[in-house]
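S.K.: Attaching a single structure in structure tokens format; questions to follow.
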Amino acid sequence: MFKFIWAEDSQHAIGNEGHLPWRLPEDMHFFRDTTMNHTLVSGSRTFESYGRPLPHRKNIVMANNPEATFPEGVIVMHSLDELLAYEKATDEAIFISGGATIFKLLLPYVSELYVTKLDGTFTADTFMPEIDYSQFELIDSREGILDEQNTIPHRFEHYRRK
Ligand SMILES: NC(=O)c1ccc[n+]([C@@H]2O[C@H](COP(=O)([O-])OP(=O)(O)OC[C@H]3O[C@@H](n4cnc5c(N)ncnc54)[C@H](OP(=O)(O)O)[C@@H]3O)[C@@H](O)[C@H]2O)c1
């Protein structure tokens, strides 16, 4: 089962110059806690932004380039078909952590969405592909905290495909 996890601003922006456009520690903690001990799939650009394999998770990286090298322990997949075959053969929850290219690729197959919606507009060059929310039901929603570390109003939402 594929689950998307991402954060977006009011215009569905998710990235800028290879990084997140904002700093929001509560969302980083949510990402860590939700994906901990699970399988995580990222595109090569997003993986590069992590700077290392994320600990206590099975790291799968999507890369077209057959010669690209990744740190030991990282599983590299070169096509959508390879990832779909992997998903079929396992009962692991597979978290898709982006970026936009990988979200677009997996959108027809995703069962659950974990989205953090930021109230604001940021300078960005990467946007979430359009999602038809009529195909999903909201199963959980809560306001994020606001404090001196977390200054952007935000909300955590969890959807399941109908
Ligand atoms: N706000 C959020 O929650 C969030 C989440 C994730 C990412 N981001 C941001 O999004 C941006 C990166 O997104 P992006 O769309 O530019 O890049 P990306 O999706 O992270 O990675 C794209 C790369 O994935 C590989 N790839 C794509 N399709 C593939 C396929 N069918 N089979 C195998 N490999 C494939 C290619 O790697 P090669 O070119 O190496 O072959 C491609 O260049 C960054 O700014 C990042 O910070 C934000």
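Sequential numbering from -10 applies to the sequence shown in the numbering used here.
Here a beta-carbon is modelled for each residue, glycine too, at the ideal position from N, C-alpha and C.
(1) Give a single yes or no on whether threonine 110 has its beta carbon closer than 7 Å to a heavy atom of ligand 1.
(2) Per DSSP, what are the beta-bridge partners of isoleucine 152 in this structure?
(3) If I'm right that proline 14 touches asparagine 139 with Cβ under 8 Å, what's the distance once you round it to whole angstroms?
(4) Report the rounded CA-to-CA distance for aspartate 114 versus aspartate 108, giving the unit in angstroms.
(5) Residues bridged to phenylalanine 84 by DSSP?
(6) Does at least one heavy atom of ligand 1 sit under 7 Å from the Cβ of alanine 78?
(7) If you scan the stretch 28 to 72 from start to end, which runs of the beta strand (DSSP E) of 3 or more residues do you find wholly inside it?
(8) Can you tell which of Ser100, Pro118 and Phe20 has the C-alpha that lies nearest to the C-alpha of tyrosine 148?
(9) Could you spell out the range, first to last residue, of the alpha helix (DSSP H) harbouring isoleucine 91?
(10) Does the count of Cβ pairs from the stretch 42 to 58 and the stretch 20 to 29 closer than 8 Å reach three?
(11) Check for me: the beta strand (DSSP E) holding aspartate 129 runs from which residue to which?
(12) Out of Gly62, Tyr39, Asn5 and Ser33, which one is the CA nearest neighbour of asparagine 54?
(13) So the candidates are Thr110, Asp129, Phe59 and Lys93; which of them puts its Cα closest to the Cα of phenylalanine -7?
(14) For glutamate 146, which residues in the same chain have their Cβ closer than 8 Å to its Cβ, ignoring the five residues on either side in sequence?
M.R.: Answer, in terms of the structure:
(1) Flag unset: Cβ of threonine 110 not near ligand 1.
(2) Coverage of the chain is limited to positions -10 through 151, which leaves residue 152 absent and any answer about it impossible.
(3) Their Cβ separation, rounded to whole angstroms, is 6 Å, which keeps proline 14 and asparagine 139 in contact under 8 Å.
(4) Computed Cα separation, rounded: 18 Å.
(5) Lys(-8) and Leu29, per the DSSP bridge assignment.
(6) Every heavy atom of ligand 1 is 7 Å or more from the Cβ of alanine 78, so no.
(7) List check, beta strand (DSSP E) in window: 28 to 32, 47 to 51 and 64 to 66.
(8) By alpha-carbon distance to tyrosine 148, the top candidate from Ser100, Pro118 and Phe20 is Ser100.
(9) Counting along the chain, the alpha helix (DSSP H) containing isoleucine 91 begins and ends at 89 to 95.
(10) As far as the Cβ criterion goes, the stretch 42 to 58 touches the stretch 20 to 29, which means the pair count is three or higher.
(11) Residues 125 to 132.
(12) Asparagine 54 has its Cα closest to that of Ser33, out of Gly62, Tyr39, Asn5 and Ser33.
(13) When Thr110, Asp129, Phe59 and Lys93 are compared, the shortest CA-CA separation from phenylalanine -7 is found for Lys93.
(14) Result list for glutamate 146: Leu102, Tyr103, Val104, Thr105, Lys106, Leu127, Asp129 and Ser130, in chain order.
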